[in-house]
Amino acid sequence: MSNGLETLFSEKRIVSMDELYELIQTNIVQQIGPADCVALANAYNFTGSKDVEGIIACDKLLFSMKLVKELREAACRSGTQMIKCISSFVNDDILIEYNEAIKNSKTPGTHAVVIGVVSNSLGIEKQKAALHFLYGFSVSMVGAALRLG
1 MSNGLETLFS EKRIVSMDEL YELIQTNIVQ QIGPADCVAL ANAYNFTGSK DVEGIIACDK
61 LLFSMKLVKE LREAACRSGT QMIKCISSFV NDDILIEYNE AIKNSKTPGT HAVVIGVVSN
121 SLGIEKQKAA LHFLYGFSVS MVGAALRLG
């Protein structure tokens with residue numbers, strides 16, 4: 001997922017490494033940090049307190065904040081695939097209940113919220129989970145830029 005990089009590239013609005021760095025930084029500061037990482041952290045905490053309704057509320061709120069349809073869909077595809085994979089080998093009641101809510105279309109299964117739930121279930125520290133999410137975002141943007149030339 002390139003988060004609109006193709007358009008910026010084709011319009012020649014991003015032509016240098018410095019501009020790509022600025023785009024990644026802006027996305028992290030204005031969207032990924034205050035929305036996705038906050039939802040991830042809250043989902044992590046709700047998982048620890050076994051509050052599936054809190055997880056679902058975070059998930060729905062983050063979904064509603066993603067105004068671009070393609071970004072919403074990509075976030076949900078990534079999240080549902082991740083939880084599907086992790087659920088095949090992790091036996092955790094909250095993870096299972098949240099996964100069932102996704103399967104039954106009671107919640108969208110956004111990637112950031114899934115990472116929060118999965119990370120707690122696997123015993124990964126909250127800060128490391130957020131750093132993993134930020135790293136994944138950054139790598140996907142750099143990868144897209146490399147493919148675009």
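Position 84 (the sequence shown) corresponds to 84 in the UniProt record's numbering; numbering is contiguous. Ideal placement from N, C-alpha and C gives every residue a C-beta, glycine not left out.
Return the CA-CA distance between residue i and residue j, expressed in angstroms with no decimal places.
| i | j | result |
| --- | --- | --- |
| K103 | V142 | 32 Å |
| C58 | A144 | 28 Å |
| G4 | N45 | 31 Å |
| K69 | I24 | 20 Å |
| V139 | I32 | 14 Å |
| K50 | S105 | 20 Å |
| residue 161 | P34 | With the chain covering 1 to 149 only, the question about residue 161 has no answer from this structure. |
| residue 217 | E22 | As shown, the chain starts at 1 and ends at 149. That puts residue 217 outside it, with no answer to give. |
| S16 | G136 | 21 Å |
Starting from residue i, trace the alpha helix (DSSP H) in both directions and tell me its first and last residue.
| i | result |
| --- | --- |
| C76 | 69-87 |
| T107 | Premise fails: T107 is in no alpha helix (DSSP H) and is neither H nor E. |
| E6 | 5-10 |
| N42 | 38-48 |
| Q31 | Careful: Q31 lies outside any alpha helix (DSSP H) and carries neither H nor E. |
| E22 | 17-27 |
Return the Cβ separation of residue i and residue j in integer angstroms, given the expectation that the two are a contact with Cβ distance under 8 Å.
| i | j | result |
| --- | --- | --- |
| L61 | A43 | About 10 Å; that fails the 8 Å criterion. |
| G109 | I83 | 6 Å |
| I14 | L20 | 6 Å |
Point to revise | Three or more C-beta pairs below 8 Å linking the segment 54-66 and the segment 127-143 | key: no
Point to revise | Inter-stretch contact (C-beta, 8 Å, three-pair minimum) for the segment 73-88 and the segment 110-119 | key: yes
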